[in-house]
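This report refers to the structure that appears directly beneath it.
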Amino acid sequence: MTNTDLDAFLAGDRLDHVALYLTDDYLDDEGTLADYGTDVDGGVVLVVPGEKGRQLFSAGTGMDAMEFAKQAMGTEGDVDRNLQGGTCPDCGEGAAFVLAFAEAQNEEVGGIYAEGDVIHAYAACPDGTAFSDRWVVGEE
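Take the sequence shown: its position 109, counting from 1, is numbered 120 in the numbering used here, and each next residue is one higher.
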């Protein structure tokens, strides 16, 4: 993966991909998951096709991606717009990992979905609290 992969994802150009961020503390000892991504400050970011991304998420965290997303939807928090962390709403610590996907603009649904493509980001802090954030592509 290159920075352009993440840039393309954040621009809404990779709607069929999943983005993952895992801190160095969360990566496996062998570093095999890191082989799929790009090193960033404090961790690794991966942008891969959807099904492969869900498989890598499960391999890296031991959790089912969709079950984790459902759990995280119950608590709103702040995920960094570059997907490289976030702030836990309960304890204020940084996110241990982030899972994100983008959804195409859908005017029929309304709300923020009518405004443009939407990034859905799900994160967990070290204490296990799962939280979510979403935003329209290109907005701060």
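Just so you know, even glycine gets a beta-carbon here, dropped at the ideal spot from N, CA and C.
Note down the Cα distance separating residue i from residue j, rounded to an integer number of angstroms.
| i | j | result |
| --- | --- | --- |
| TYR32 | ALA107 | 8 Å |
| THR15 | GLY103 | 30 Å |
| PRO137 | GLY105 | 8 Å |
| ASP35 | VAL56 | 11 Å |
| GLN95 | LEU44 | 16 Å |
| GLY48 | MET74 | 19 Å |
| VAL59 | ASP50 | 15 Å |
| GLU150 | GLY71 | 30 Å |
| ASN93 | THR86 | 20 Å |
| MET12 | LYS81 | For MET12, the pLDDT reaches just 48, beneath the cut-off of 50, and the residue's location in the model is therefore unreliable, leaving the point undetermined. |
| ASP52 | VAL90 | 16 Å |
| CYS160 | GLU118 | As shown, the chain starts at 12 and ends at 151. That puts residue 160 outside it, with no answer to give. |
Who are residue i's beta bridge partners in DSSP?
| i | result |
| --- | --- |
| GLU114 | VAL129 |
| SER69 | In the DSSP output, where bridge partners are listed per residue, SER69 has none listed. |
| VAL147 | VAL129 |
| GLY97 | VAL90 |
| VAL109 | TYR32, ALA134 |
Using 8 Å for Cβ pairs, my map puts residue i next to residue j. What's the rounded Cβ distance?
| i | j | result |
| --- | --- | --- |
| SER143 | MET84 | 5 Å |
| ALA113 | GLY23 | 5 Å |
Would you mind stating whether residue i and residue j have Cβ atoms separated by less than 8 Å?
| i | j | result |
| --- | --- | --- |
| ALA115 | ALA30 | no |
| VAL147 | VAL120 | no |
| VAL109 | ALA141 | no |
| ALA134 | GLY88 | yes |
| ASP27 | GLY54 | no |
3-residue-minimum beta strand (DSSP E) runs that sit fully inside the stretch 21–67, ordered along the chain: 28–34, 49–51, 54–60
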